[in-house]
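Its first residue numbered 684, the sequence shown is counted upward by one per residue in our numbering. Note that the Cβ used here is the ideal one computed from N, Cα and C, for glycine as well. Here the structure is a predicted model, which is why all the values come from computation and not from measurement. Notes follow the structure.
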Amino acid sequence: MQFYYGERTLARALDEAEFWKHQEAEHTVVIRQIVPNLEPRFVMQLQQYELAFNQAKGLVVKYIETLVRSRGNVSRSMQQQILEFLEKALEQSRQLILLLDRILAESEAVRSNPVAPIVINHIRRESEYFIGIAQAVLDYANKSR
């Protein structure tokens with residue numbers, strides 16, 4: 684993400700978060716679909732992440748609406764709330780990556796499905812991309828204080 688957005692950096696970061704939380708929710712479904720015999724403990728964890736990602740996306744929409752209504756002139760406390768949310772969204776993605784690593788390492792169903800590791804590793808890289816974006820925004824915001 685480029686930082687020429689200036690005052691719009693938070694809005695751009697929220698746009699990215701909305702997109703990636705939607706993607707991550709869909710990815711949990713994709714994994715369950717391509718590995719229909721996935722171990723129940725992993726199915727349950729992926730379902731929990733799907734719910735969490737959809738809830739995070741709902742919060743993103745709320746923050747975007749706040750920015751739009753305020754024409755980008757939000758209070759310091761609202762900016763802080765948004766930054767804290769982005770930090771949590773980043774951590775949520777990190778935790779998903781850890782789960783994907785466990786699935787790759789421990790799931791017999793994944794090991795016996797030649798397509799599953801390829802798809803899961805692709806999903807992992809996409810979450811890493813979002814982490815990079817979110818971390819860059821947080822670093823930029825912390826330097827701007």
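**Report entry** CB of Gln728 within 8 Å of CB of Leu782, strictly
**Finding:** Start at 1 with the first residue of the sequence shown, and residue 728 comes out as number 45. Start at 1 with the first residue of the sequence shown, and residue 782 comes out as number 99. Yes.
Query raised in the report: By DSSP, does Gly815 sit in helix, in strand, or in coil?
Result: Locating residue 815 in the sequence shown gives position 132, counting from the first residue. Annotated three-state conformation of Gly815 is helix, per DSSP.
Query raised in the report: Does the Cβ of Leu697 have 16 or more other Cβ atoms within 10 Å, making it buried, or fewer, making it exposed?
Result: For this step, residue 697 is matched to residue 14 along the sequence shown. Answer is buried; the Cβ neighbour count reaches 16.
Query raised in the report: Measuring CB to CB, does Thr692 end up less than 8 Å from Tyr823?
Result: Start at 1 with the first residue of the sequence shown, and residue 692 comes out as number 9. Start at 1 with the first residue of the sequence shown, and residue 823 comes out as number 140. In contact: Thr692 and Tyr823 (Cβ atoms closer than 8 Å).
Query raised in the report: In this structure, does DSSP put Glu722 in helix, strand or coil?
Result: Walking along the sequence shown from the start, residue 722 turns up at place 39. Looking at Glu722 - three-state DSSP - the assignment turns out to be coil, as it is neither helix nor strand.
Query raised in the report: Which residues mark the beginning and the end of the alpha helix (DSSP H) in which Glu794 is found?
Result: Stepping through the sequence shown from its first residue, residue 794 is reached at position 111. Looking at the sequence itself, residue 794 is Arg, so the reference to Glu does not match. First-last of the alpha helix (DSSP H) with Arg794: 791-794.
Requested in this report: Enumerate in chain order the residues of its own chain whose CB-to-CB distance from Ala700 is below 6 Å, with the five nearest sequence positions on each side excluded.
Outcome: Residue 700 sits at position 17 when you count from the first residue of the sequence shown. Within its own chain, the residues whose Cβ lies closer than 6 Å to the Cβ of Ala700, once the five positions on either side in sequence are excluded, are Val743, Ala772, listed in chain order.
Requested in this report: Could you have a look at Ser760 and say whether DSSP puts it in helix, strand or coil?
Outcome: Residue mapping note: residue 760 aligns to position 77 of the sequence shown, counting from 1. Residue state, collapsed to three classes: helix.
Query raised in the report: Between which two residues does the alpha helix (DSSP H) containing Arg695 stretch?
Result: Stepping through the sequence shown from its first residue, residue 695 is reached at position 12. Per DSSP, Arg695 belongs to the alpha helix (DSSP H) from 692-717.
Requested in this report: Run the CB neighbour count on Ile786, radius 10 Å, all protein chains shown included, and call it buried at 16 or more, exposed below.
Outcome: Walking along the sequence shown from the start, residue 786 turns up at place 103. So Ile786 counts as buried.
**Report entry** Coil, strand or helix - Tyr687 by DSSP
**Finding:** Here residue 687 is taken as the residue at index 4 of the sequence shown, counted from 1. Low local confidence applies: a pLDDT of 40 at Tyr687 is under 50, so the model's placement there is unreliable, with the coordinate-based value given in what follows. Coil, per DSSP.
Report task. Return the chain-ordered list of same chain residues with a C-beta closer than 7 Å to the C-beta of Lys704, the five sequence neighbours on each side being excluded. Result -> Start at 1 with the first residue of the sequence shown, and residue 704 comes out as number 21. Spatial neighbours of Lys704 in its own chain (CB-CB distance under 7 Å, excluding positions within 5 residues in sequence) are listed in chain order as Phe736, Ala739, Lys740, Val743, Ala772.
Query raised in the report: Skipping 5 residues on each side, what residues in its chain have a beta carbon closer than 6 Å to that of Gln730?
Result: Numbered from 1 along the sequence shown, position 47 holds the residue referred to as residue 730. Within the same chain, Gln730 has no close Cβ partners at all.
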